[in-house]
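Since the structure comes first, as structure tokens, the remarks are kept for the end.
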Amino acid sequence: MSLDTVKRALETPDERQPYVELGMKDDEYERVREILGRRPTGAELAIYSVMWSEHCSYKSSKVHLRQFGTKAPKSEALLVGMGENAGVVDIGDGWAATFKIESHNHPSYVEPHQGAATGVGGIVRDIMSMGARPIAVMDSLRFGGATQPDTRRVLPGVVEGIGGYGNCLGLPNIGGEVVFDPCYIGNPLVNALCVGLLRKDQIKLATAPGPGNKVVLFGARTGADGIGGASVLASATFEEESQAKRPAVQVGDPFMEKLLIECCLELYQADVVVGIQDLGAAGVSCATTELAAKGTGGMHVDLNLVPLRDPTLRPEEILMSESQERMMAVVAPDDIPAFMAICTKWDVPATVIGEVTDTGRLVMTWDGEVIVDIPPGTAADEGPVYERPFAEPAGQAALNADTPDRLPRPAPDRLRETLLTLLGSPNLASKEWVTSQYDRYVRGNTVLAQPADAGMLRISEVMPGAQETTRGIALATDGNGRYAKLDPYTGAQLALSEAYRNVAVTGAKPLAVTNCLNFGSPEDPEVMWQFAEAVRGLADACRTLGVPVTGGNVSFYNQTGTDAIHPTPVVGVLGVIDDVSRRVRSGFVADGLRVMLLGSTGDDLGGSEWAHVVHDHLGGLPPQADLEAERRLASVLTTAAAEGLLEGSHDLSDGGLAIALAEACLAQGVGCSVTLPGDDPFVDLFSESVARALVCVRPEAFDTLAELCARQEVPCHGLGTTGGTALKVDGLFEIPVEELREVHTKTLPSIFG
Amino acid sequence: MSAARVGIVTFPGTLDDQDAARAVRLAGAEAVPLWHADRDLRGVDAVFLPGGFSYGDYLRCGAISRFAPLMDELIPAARSGLPVLGTCNGFQILCEAHLLPGALTRNAGLHYICRDQRIRVENTGTAWTREFTPGQEIVLPIKHGEGRYVADAQTLAALERDGRVVFRYAGDNPNGSLNDIAGIANEAGNIVGLMPHPEHAVEELTGAPSVDGRGFFTSILKKLVNA
Amino acid sequence: MARVIVDVMLKPEILDPQGQAIAGALPRLGFSGVSAVRQGKRFELELDGPADEAALSDVRKMAETLLANTVIEDFSIKVEE
Amino acid sequence: MARVIVDVMLKPEILDPQGQAIAGALPRLGFSGVSAVRQGKRFELELDGPADEAALSDVRKMAETLLANTVIEDFSIKVEE
Ligand SMILES: Nc1ncnc2c1ncn2[C@@H]1O[C@H](COP(=O)(O)OP(=O)(O)O)[C@@H](O)[C@H]1O
Ligand SMILES: [Mg+2]
Chain A
-2 MSLDTVKRAL ETPDERQPYV ELGMKDDEYE RVREILGRRP TGAELAIYSV
48 MWSEHCSYKS SKVHLRQFGT KAPKSEALLV GMGENAGVVD IGDGWAATFK
98 IESHNHPSYV EPHQGAATGV GGIVRDIMSM GARPIAVMDS LRFGGATQPD
148 TRRVLPGVVE GIGGYGNCLG LPNIGGEVVF DPCYIGNPLV NALCVGLLRK
198 DQIKLATAPG PGNKVVLFGA RTGADGIGGA SVLASATFEE ESQAKRPAVQ
248 VGDPFMEKLL IECCLELYQA DVVVGIQDLG AAGVSCATTE LAAKGTGGMH
298 VDLNLVPLRD PTLRPEEILM SESQERMMAV VAPDDIPAFM AICTKWDVPA
348 TVIGEVTDTG RLVMTWDGEV IVDIPPGTAA DEGPVYERPF AEPAGQAALN
398 ADTPDRLPRP APDRLRETLL TLLGSPNLAS KEWVTSQYDR YVRGNTVLAQ
448 PADAGMLRIS EVMPGAQETT RGIALATDGN GRYAKLDPYT GAQLALSEAY
498 RNVAVTGAKP LAVTNCLNFG SPEDPEVMWQ FAEAVRGLAD ACRTLGVPVT
548 GGNVSFYNQT GTDAIHPTPV VGVLGVIDDV SRRVRSGFVA DGLRVMLLGS
598 TGDDLGGSEW AHVVHDHLGG LPPQADLEAE RRLASVLTTA AAEGLLEGSH
648 DLSDGGLAIA LAEACLAQGV GCSVTLPGDD PFVDLFSESV ARALVCVRPE
698 AFDTLAELCA RQEVPCHGLG TTGGTALKVD GLFEIPVEEL REVHTKTLPS
748 IFG
Chain B
-2 MSAARVGIVT FPGTLDDQDA ARAVRLAGAE AVPLWHADRD LRGVDAVFLP
48 GGFSYGDYLR CGAISRFAPL MDELIPAARS GLPVLGTCNG FQILCEAHLL
98 PGALTRNAGL HYICRDQRIR VENTGTAWTR EFTPGQEIVL PIKHGEGRYV
148 ADAQTLAALE RDGRVVFRYA GDNPNGSLND IAGIANEAGN IVGLMPHPEH
198 AVEELTGAPS VDGRGFFTSI LKKLVNA
Chain C
112 MARVIVDVML KPEILDPQGQ AIAGALPRLG FSGVSAVRQG KRFELELDGP
162 ADEAALSDVR KMAETLLANT VIEDFSIKVE E
Chain D
112 MARVIVDVML KPEILDPQGQ AIAGALPRLG FSGVSAVRQG KRFELELDGP
162 ADEAALSDVR KMAETLLANT VIEDFSIKVE E
């Protein structure tokens, strides 16, 4: 086919273009024509269509996400906020952490292994592009029912993909979630988080300033990955069924990514990078427009110079390719030899493909002809913004009215059995089948990993120069789709509440938030309502708890036909512990310690694990979020940890006190003898009230902790003592730890082999 | 007396080199980085081949690494007595380089597995195990997808007869290794390879819930100091 | 009793990092003259009966559902003499 | 320009857990009539020149030293027409 140049576009203003096939609306196409004052070329259409896609432009979510900024609490810690590749937080002593969570849901449904693997790869490159060394990953996963056939296809592949990629990069996996619910069948959620470390004064940004600076593409060669849509542009007549031949699946090469990490770190060290951007979705289109838009405003790129894996690729396809393991850097001309030498040392191919200009235009050529000539900001920042209509779902009131009060509750002599049923249910059972496929030890800085409530890393040996700090960082991710379905506003707050608590029980002080918002179609007003409510709830809760949102990701269209997944906001919280040797271990760590329950318990069973597992019921309202109580609890926990009062801890969440006690016993195989504090043992054991934690302390520390709790107005009950080989609940039951273990560990292996 | 110098080899894709260096330092020796592309052992007294995914573990684990320029120096040095320890990918490289017999193949369970594993020390006569007691059980992390040791019957019999099975899995065999073999030595006892990771078990705060890995590093130190 | 071979290769447009790594290593080992390497899988199936049409149609189904991941791989079947 | 195929299979006496897992899964998927499965590797090498004797002797050396681990694997070489 003939090349669609700017010249040709001017000569053939009325040529029909496949913008609909590329997912563009009529008015969006008209806007492009308006911006350019002519029809776009095929290559320009490729750029605008990907840059203005939901995925890249956040066109449906933008108006809501603004609240994360407008309602943001004042935070000294925030160094880089939303809008960059990842947020950056000051963690003290001159060091900063950058972290972000991102979804790779649909690709993981199509090809679980590669979809999940490239999800990890993508988020790691985001962290690298901030100038940081990636130091750990986490994964938050949702699958259909554990025994549904498609789950048996998807889960093993996803786990292998995450493990295969992360393990090969040498990034310890320090936590995550695995949740099963039939609502995710056909729409599994794979959310990957990466955290990195850097010197506070060495943050890199995605910007291309300085005319004359060179644009370098480095990493893997460009192939036909993920360009299903682009082939309509490259084909002679897009009316034909020409899309089938190009793969939508991207395949990852973790070895190349590992080389890229080490190569980038050496480039940063040598100070030969002016600006840098990873290539994710929308590949070269995204990297060039964003770098140019944030820099001097102009760039000239010769697309013929892009090294190709598939020599038949057309320029439109090169622009849209999502080939993995690529980065783009802006480099001063004098530094090019040093830059190239470092790439050669690491066997990373690198090519100068263009130059920064002061024209304010992004110009690209192919075979010497101009095929792109646009103001880059119009593609990168001035995409469409929708105020999508939203409306409370028709069934919401009825759902909330169907409370768990009508469900029969177990008699005292059935509580033992109820506990074991819950403990062995797929959502509460041990996730070791999954986590044992992940390396949690590599690089030797992992202080806490699964099954601890939060992952924790020592900082001092992560990078040269960090020896001076005693600090550590803690991270947890949480989300509960059932709660969010019942009340998305509260559900989002509860996700934050739990992640915040999980960080606090380790002794770390929660500092900042990332989030991944997984929802159905934004074109459905009921889904849009869930989304709007969740964002409003999360933004409000972040303000109350004083933790800013630093970044995140929105994943829409997680639905099959009109059946959307439960709204699933997943929240990641990062905290800092001043002295990492003061970290609190998980659960009961020794015999003869006093067991205390912090926080107060109400009758909160709406959306609970008990209602779900025993009655397959979802109705009523979730537990009320109590952020003030959450903040006081965290303050007690971090103070007590710093003073060395806590020997072990565990938060209460899904499954309530019953499950927390069982997990605390399982942590080190230490039993306990406890008396329930309230007068309804069922509620005591299975209610999911928020802002509660279980701790164990040396007997002589009991009074000090009780006083600390009293000062902070955190209710506190002595439940009993640790020791023995069974979980004993006075007057109700006794379960040997070995029996707990058997029930807890056998569920996933018996399903997944 | 200057500290003993232990070389830590980094191939493209090596991951545990930082851990290995830390373990060497904690034991009181100097960790000397060795780069795969240099034909230079930098005069070290012993060499540690750490774990990871050298060359992505593509083709076979260790298959490509063994052709690195550094290996041209290391192979003859090891044959003439230089103490060498290979863990995980390092063990795989030693087998691919024929410095140790047999091969490491896909785990019988077909999954990568990371867990804290009980190991029995069977031979305390090697350069890397003299600080243990015969039959001592230790806990070290394992983390590998291809750790099932195989060798032909004759080789296995010879290993057993000569006491060259240095480590055996105690309790559950995690990967289907023949004779529960977790690690072996060459005839001279200077070259030892094992799948478990001593370098991840040297500190209270981090890594595995044991510090049993320290024995490897104190063993080699003692040997070098007494040599 | 027949033996059927199923060869599974990544589709040509799909990245093959293993093949790339091998191709990259060859020159360092002193081998020139190989321009590209692709790595795939080979399955040898022993059939109880003859490799007749019914059996081969079964093998085709196995290849599609289990041996190959047809999202990213192609396969071919041949009967070994 | 020629293409040479190197097939690498585990020696018969070496346990092949992947092949076994497949053989074990087949009946569950409703396939009977397969008594054993072995899984190996297939390499496709594109040569710059013809597959003459010199080239094939080079390929044989590559197979011996790199593509197969002859401690546990056998290989065979053929030229694709
Ligand atoms: N997909 C996963 N990846 C890594 N770690 C996981 C994953 N799923 C669960 N875990 C870990 O297993 C432990 C138990 O998980 P969970 O019960 O969800 O914790 P919590 O209720 O405290 O959030 C935690 O340490 C968690 O980080
Ligand atoms: Mg928890």
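Chains A, B, C and D supply the protein sequences, listed in that same order.
378 is the number that the working numbering gives to position 381 of the first sequence; each next residue is one higher, with no gaps.
168 is the number that the working numbering gives to position 171 of the second sequence; each next residue is one higher, with no gaps.
Count along the third sequence starting at 1, add 111, and that's the number in the working numbering.
Count along the fourth sequence starting at 1, add 111, and that's the number in the working numbering.
The beta-carbon is built from N, C-alpha and C at its ideal position, and this holds for glycine as well.
Bridge partner(s) assigned by DSSP for residue i
i, result
"E191/C", "R114/C"
"F553/A", "In DSSP, F553/A forms no bridge with anything."
"P131/A", "G193/A"
"N184/A", "Answer is none; N184/A lacks a bridge partner."
"L508/A", "Its beta-bridge partners do not exist; DSSP assigns none."
"S318/A", "None; S318/A has no bridge partner."
Spatial neighbours of residue i in its chain, beta-carbon cut-off 8 Å, leaving aside the 5 residues before and after
i, result
"V182/D", "none"
"L137/D", "S143, V145 and V148"
"L23/B", "V199, E200, R211 and F214"
"H61/A", "F528, A529, V532 and R533"
"T9/A", "R36"
Nearest candidate by alpha-carbon position, reference residue i, set the options
i, options, result
"G186/B", "S77/B, A124/B, R76/B and L97/B", "A124/B"
"E465/A", "L264/A, V328/A, Q556/A and G89/A", "G89/A"
"L46/B", "L91/B, D69/B, G53/B and G25/B", "L91/B"
"T5/A", "L359/A, P169/A and V367/A", "For clarity, residue 5/A is Arg in the given sequence; the question names Thr instead. Nearest of L359/A, P169/A and V367/A to R5/A, Cα basis: V367/A."
"E287/A", "A93/A, T204/A and C180/A", "T204/A"
"G452/A", "G223/A, H647/A and I339/A", "H647/A"
"K342/A", "C260/A, F683/A, D364/A and G295/A", "C260/A"
"P98/B", "G190/B, G142/B and E143/B", "G190/B"
"L156/C", "E164/C, A174/C and R139/C", "A174/C"
"S583/A", "E625/A, G558/A and V694/A", "V694/A"
"Y106/A", "G158/A, D370/A and A347/A", "G158/A"
"G141/C", "V136/B, I139/B and P66/B", "P66/B"
7 Å Cβ shell around residue i - same chain, five flanking residues per side excluded
i, result
"G78/B", "A185 and N187"
"A723/A", "G668, E731, I732, P733 and V734"
"T744/A", "G421, P423 and A426"
"V680/A", "T598 and D600"
"E237/A", "Residue placement at E237/A is poorly supported in this model, since its pLDDT is 46, which falls under 50; the coordinates still yield a value, given next. Here the set comprises nothing."
Residue i versus residue j: straight-line alpha-carbon distance, rounded
i, j, result
"E18/A", "M127/A", "35 Å"
"G130/C", "G504/A", "47 Å"
"P564/A", "A74/A", "30 Å"
"R150/A", "E99/A", "22 Å"
"R139/A", "T432/A", "15 Å"
"A335/A", "Q199/A", "19 Å"
"G48/B", "P195/B", "11 Å"
"G112/A", "V248/A", "8 Å"
"A241/A", "G223/A", "For A241/A, the predicted structure reports a pLDDT of 44, less than 50, and the residue's modelled location is therefore unreliable. The matter cannot be settled from this model."
Nearest-angstrom Cβ-Cβ length linking residue i and residue j, presumed shorter than 8 Å
i, j, result
"M337/A", "V298/A", "Incorrect: roughly 18 Å between the Cβ atoms, too far for contact."
"V156/A", "Q434/A", "5 Å"
"C58/B", "L101/B", "7 Å"
"A655/A", "L491/A", "The Cβ separation is near 19 Å, so there is no contact."
"P507/A", "A631/A", "6 Å"
CB contact below 8 Å: residue i versus chain F
i, result
"I181/B", "This model lacks chain F altogether; the protein chains it does include are A, B, C and D."
Chain-order list of residues whose beta-carbon lies under 6 Å from that of residue i (same chain, five-residue window excluded)
i, result
"F51/B", "Position check: residue 51/B holds Ser in this sequence, whereas Phe was assumed. For S51/B, where only same-chain residues beyond five positions count, the Cβ hits under 6 Å are F8, G10, T11, S62 and N86."
"A471/A", "A451, M453, V500, T503, A505 and G572"
"C117/B", "Here residue 117/B is Arg; the residue named in the question, Cys, does not match the sequence. Once the five neighbours on either side are set aside, the close Cβ partners of R117/B are E134, R165 and A167."
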